[in-house]
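*Asks:* Here the working numbering is used: the first residue of the first sequence is 752, the next is one more, and so on. Pasting a structure below so you can have a look.
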Amino acid sequence: MMKHMFEKSLKENLRTVLCDLFNAKINLEEIEFEIPTDPSHGDLCTNIAFRIAGKVKKSPVEVAEKIAERISEDSFEVKSLNGFVNFRFTDKFLFNLSKDTLAFERERLGKRVVVDYSAPNIAKPFGIGHLRSTIIGQAIYNLYQFEGWETVGVNHLGDWGTQYGKLIFQIKRKNKNIKDLSIGDLENLYVEFHKEAKDDPGLEEGARIWFKKLEDGDGEAVSIWESCVKKSIKQFEETYSLLDVEIDYCMGESFYQDKMKMVLEEAKGKEIAKESKGALIVDFGNEMPPAMLLKSDGSTTYFTRDLATVRYRIDRWNPDLFIYEIGADQKLHMRQLFKTVEMLGWKKSEEFFHVAHGMYRLKEGKMSTRKGRTIHLEYVLNEAMRRAEEIMMQSETVKDMTEKQKKEAIKKIAVGAVKYADLKNHYSRDIVFDWEKVMNLRGDSGPYLQYSLLRARSVLNKCKQEPISEESTIKLNSEERAVLKKLIEFDGVIESAVRNFTPSSLAGFAFELAKDFNAFYSSHPILKAPSEIKNQRIFITEATHKVLNKSLDLLGIPIPERM
RNA sequence: GUCCCCGUAGUUCAAUCGGAUAGAACACAAGCUUGCGGAGCUUGCGAUAGAGGUUCGAAUCCUCUCGGGGACACCA
């Protein structure tokens, strides 16, 4: 808060000065602070001189110089350079600002957000694509909650649709008994169906018939389907537990079976839905291709279910914001959905956001279930754990750990590595799936963050922090300044991560903080520092620990006790 | 064919919604242990696909070319 207040009063100060000097009237919003690219320029800067130079018919350099001459404060010095106005905090002031960062409590905003994420398909192993949705979605959920939103997380399980008609049909054709089939078997049957349907297009028709039967409540179809759901959910629960993810509600597409009719009636009544080639569609004119509500055989589509889902969520939670963490391949679908919601008059499309994550690709080419080029989460984690163990064996510090403790640590390191490798990328980018990068346990990686945090913790465990009195002299070296300057960025990073739906901003920040701390740690003693600066170094260690801990917590990266 | 996203060191990614000398990591090369955890630290090498335009200022915005990915009604 103190930083906020400081920036606000500095803005007001600038506004007054600009008015006095150049008779320029500006809004506070026009003044923006940034962090100079080169730390030697200062700790904060503004480009306001460029913005008003044209208005007042002076050069930016001159404007900046005049501003710098005019402002004088005890807590920072002001200098102009190349048209920028640079502020450099005194050590004491910077130190006090950083204390402010440690107050994590936010006021409740009275706003509610529904976050739709994970949403794996039943009867298939948990794929790497849904892993992305799960990890990013959970981080966004955490971030919104931290910022003071009331959050509702929903796992919109893919448990309905023609694909299960295909699966049931294939099970029947091959005379299989659902009781004997594993998730892997089910996936194989699905793949097999597609292969055979290529040569025999009649099979698609059979699949549609079986889905229609399922929708109409046919006993046999429902029983096979229920069995698939059960098997899948059991496996998903193991996965979520391993990933340390908990989603508030699990309501699959099938949940909305009886809620679509109402929506269809409303769409027809408002003349938004119309008939075309025997099907019921929503026409968007030239803006977009049409979306389908009912197929010509009368069965529903996932568009219908998504629409019913929105209706349900409005009725139940009436959120101020809907966030969908779903792959970029569904961009058109989402646009159609948001537009239709607006046409129905339920909500404005601005109240919806599609976090369209990019797709995973392999170095060898596209991923493809049919060609067997998929990556199963289980395999990735096992390999990551193997590597973590390898490094751990060389470590001195874990020698006195029990086997159980080691196993637990290895698991957390592997999960942290996999999650961080995903979170550090901007969601919109496709990720080239590279084993070496994902399971990298050094450098810009999850374990690097975990390690840095534990090292800070280890130092803190060896001493007692004494409060630093207001009178004590603070004198900082450049490594200490770097850490403190990074720390005071935390609030802004959170704000931007929330506003832009980018946990990647926080991941990047956490890495930079760890890096700055490590540089500080390696060049200056903390516990054996001279007594007059020992306390300030302990404070820096403690603050880093606290902020790093919170960052990893928000990102969903687990922290081992030792590693 | 139409629409959307992307193109940054050898490789994988950053760059605070137009700011100062484009940052990291991996890989490669050279160093760091008498101090708290070496999964660490320091140094070096090296990039905005191409051509125009907009302006004080462009990786970022506009146009075109080339290259990659995705989506386009009975899959989800």
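Positions of the beta carbon are idealized from the N, C-alpha and C atoms, including for glycine.
1) Using only alpha-carbon positions, find the residue among D999, R1180 and Y1053 that is nearest to V866.
2) Are three or more beta carbon pairs between the region 1029 to 1039 and the region 1064 to 1076 nearer than 8 Å?
3) Go through its chain and collect everything with a Cβ distance to G909's Cβ below 8 Å, but skip five positions before and after it.
4) From A1135 to V1183, what distance separates their C-alpha atoms?
5) Hey, how far is the Cα of L1319 from the Cα of K1162?
6) Could you check whether the region 1137 to 1157 touches the region 979 to 995, counting it as contact only if at least three pairs of C-beta atoms, one from each stretch, sit closer than 8 Å?
7) Apart from the five residues on each side of it in sequence, which residues of its chain come closer than 6 Å, Cβ to Cβ, to H755?
8) Tell me the residue span of the alpha helix (DSSP H) that contains H1296.
9) So for I929, helix, strand or coil by DSSP?
10) When the Cα atoms are used, what is the spatial distance from H792 to Y1202?
11) Are the beta-carbon atoms belonging to P876 and G935 less than 8 Å from one another?
12) Thinking C-alpha only, which one of K1012, V814, K1010 and T1051 is nearest V1030?
13) Return helix, strand or coil for S849, following the three-state DSSP convention.
14) Mapping DSSP to helix, strand and coil, what is T797?
15) Given this structure, state the Cα-to-Cα distance separating E1312 from Q921, to the nearest angstrom.
16) Roughly how many angstroms separate the alpha carbons of D771 and F840, rounded to a whole number?
17) So I929 and I975 are supposed to be a Cβ contact under 8 Å. How far apart are they, rounded?
18) For the candidate residues K830, K808, D825 and G805, whose alpha-carbon lies nearest to that of A815?
19) What three-state label does DSSP hand V996 in the structure shown?
20) Excluding five sequence neighbours on each side, which residues of the same chain lie with their C-beta closer than 7 Å to the C-beta of G1167?
21) Considering only C-alpha positions, which residue in the set D1048, N764 and R1206 is nearest to K964?
22) DSSP puts E780 in a beta bridge; with which residues?
23) According to the neighbour-count rule (16 or more other Cβ atoms, all chains shown, within 10 Å of its Cβ), is A1254 buried or exposed?
24) Can you tell me where the beta strand (DSSP E) holding D1173 begins and where it ends?
25) Of all the beta strand (DSSP E) runs that stay within the bounds of the region 915 to 967, which reach a length of 3 or more residues?
26) Compute the Euclidean distance between the alpha carbons of V1014 and H1084, then round it to the nearest angstrom.
27) Across the region 1264 to 1278 and the region 1168 to 1177, are there enough close Cβ pairs to call them in contact, namely three or more that are closer than 8 Å?
28) The beta strand (DSSP E) that contains Y1075, what's its start and end?
29) Going by other Cβ atoms of all chains shown within 10 Å of its Cβ, with 16 needed for buried, is Y1130 buried or exposed?
30) When you compare each of L1303, W1097, F838 and F962 to K1175 by their alpha carbons, which one comes out closest?
31) Using the DSSP secondary-structure output, state which residues sit across from H1105 in a beta bridge.
32) Determine, using beta-carbon pairs with one atom in the region 946 to 966 and one in the region 848 to 858, whether at least three such pairs fall under 8 Å.
33) Does the separation of the CB atoms of D1181 and M1110 fall below 8 Å?
34) Return the first residue and the last residue of the beta strand (DSSP E) that E1022 is part of.
35) Taking the straight line between their C-alpha atoms, what separation do you get for R883 and D1173?
*Replies:* In terms of the structure at hand:
1) Within the first sequence, the letter at position 115 stands for residue 866. V866 has its Cα closest to that of D999, out of D999, R1180 and Y1053.
2) At 8 Å Cβ cutoff, the stretches do not touch.
3) By one-based count along the first sequence, residue 909 stands at place 158. Only A870, P871, N872, I873, G1003 and E1004 meet the Cβ criterion.
4) The residue given as residue 1135 occupies position 384 in the first sequence. The residue given as residue 1183 occupies position 432 in the first sequence. Roughly 17 Å between the two C-alpha positions.
5) In this structure the chain extends from 752 to 1314, so residue 1319 is not present and cannot be described.
6) Using a Cβ-Cβ distance cut-off of 8 Å, the region 1137 to 1157 and the region 979 to 995 are not in contact, since fewer than three pairs of beta carbons, one from each stretch, lie closer than that value.
7) As a working note, residue 755 is residue 4 in the first sequence. By the criterion of a C-beta distance shorter than 6 Å, H755 is surrounded by no residue of its chain, once the five residues flanking it on both sides are discounted.
8) As a position in the first sequence, residue 1296 is number 545, starting the count at 1. That run of the alpha helix (DSSP H) goes S1282 to L1306.
9) Position 178 of the first sequence holds residue 929. Three-state DSSP puts I929 in a helix.
10) One-based indexing of the first sequence puts residue 792 at position 41. One-based indexing of the first sequence puts residue 1202 at position 451. Straight-line Cα distance between these residues: approximately 32 Å.
11) The sequence position of residue 876 within the first sequence is 125, counting from 1. The sequence position of residue 935 within the first sequence is 184, counting from 1. A contact, by the Cβ cut-off of 8 Å.
12) Mapped onto the first sequence, residue 1030 falls at position 279. In the sequence as presented, Val is not what sits at residue 1030; that position holds Ala. Comparing alpha-carbon positions, the option among K1012, V814, K1010 and T1051 lying closest to A1030 turns out to be T1051.
13) For the purposes of this step, residue 849 is taken as residue 98 along the first sequence, with counting starting at 1. Residue state, collapsed to three classes: helix.
14) Taking the first residue of the first sequence as position 1, residue 797 is located at position 46. Per DSSP, reduced to three states, the secondary structure at T797 is strand.
15) Reading the first sequence from its first residue, position 561 is the one you call residue 1312. Reading the first sequence from its first residue, position 170 is the one you call residue 921. Cα to Cα, E1312 sits roughly 49 Å from Q921.
16) Here residue 771 corresponds to residue number 20 of the first sequence, with the count starting at 1. Here residue 840 corresponds to residue number 89 of the first sequence, with the count starting at 1. Going by the C-alpha atoms only, they are around 25 Å apart.
17) On the first sequence, position 178 is the one that residue 929 refers to. On the first sequence, position 224 is the one that residue 975 refers to. About 5 Å separates the CB atoms of I929 and I975; that is less than 8 Å, so the two are in contact.
18) In the first sequence, counting from the first residue as 1, residue 815 sits at position 64. Checked all of K830, K808, D825 and G805; the closest Cα to A815 is K830.
19) Counting from 1 along the first sequence, the entry for residue 996 is found at position 245. V996: coil per DSSP, three-state reduction.
20) The residue labelled residue 1167 in the question sits at position 416 within the first sequence. The answer, listed in chain order, is G1197, P1198, Q1201, I1308 and P1309.
21) In the first sequence, residue 964 corresponds to position 213, counting from 1. Ranking the options by Cα distance to K964, first place goes to D1048.
22) Residue 780 sits at position 29 when you count from the first residue of the first sequence. BP columns for E780 are empty, so no partner.
23) For the purposes of this step, residue 1254 is taken as residue 503 along the first sequence, with counting starting at 1. Going by the sequence as given, residue 1254 is Pro instead of Ala. By the neighbour-count criterion, in which a residue is buried when 16 or more other Cβ atoms sit within 10 angstroms of its Cβ, P1254 is buried.
24) Position 422 of the first sequence holds residue 1173. Under the DSSP assignment, D1173 falls outside any beta strand (DSSP E), being part of the alpha helix (DSSP H) whose first and last residues are E1154 to L1174.
25) Whole beta strand (DSSP E) segments, 3+ residues: zero.
26) In the first sequence, residue 1014 corresponds to position 263, counting from 1. In the first sequence, residue 1084 corresponds to position 333, counting from 1. The alpha-carbon of V1014 is positioned some 17 Å away from that of H1084.
27) Two segments are said to touch when three or more pairs of C-beta atoms, one from each, lie closer than 8 Å; by this definition the region 1264 to 1278 does not touch the region 1168 to 1177.
28) Taking the first residue of the first sequence as 1, we reach residue 1075 at position 324. Start and end: L1072 to G1078.
29) Within the first sequence, numbered from 1, the residue matching residue 1130 stands at position 379. Residue environment: Y1130 is assigned as exposed (fewer than 16 neighbouring CB atoms within 10 Å of its CB, all protein chains considered).
30) Locating residue 1175 in the first sequence gives position 424, counting from the first residue. Nearest option by C-alpha distance: L1303.
31) Working through the first sequence from its first residue, we reach residue 1105 at position 354. According to DSSP, which records beta bridges pairwise, H1105 is partnered with Y1075.
32) The region 946 to 966 is not in contact with the region 848 to 858.
33) Mapped onto the first sequence, residue 1181 falls at position 430. Mapped onto the first sequence, residue 1110 falls at position 359. Result yes, Cβ atoms of D1181 and M1110 sit closer than 8 Å.
34) Counting from 1 along the first sequence, the entry for residue 1022 is found at position 271. Per DSSP, E1022 belongs to no beta strand (DSSP E) and is neither H nor E.
35) If you number the first sequence from 1, residue 883 lands on position 132. If you number the first sequence from 1, residue 1173 lands on position 422. Straight through space, the alpha carbons of D1173 and R883 are spaced by roughly 7 Å.
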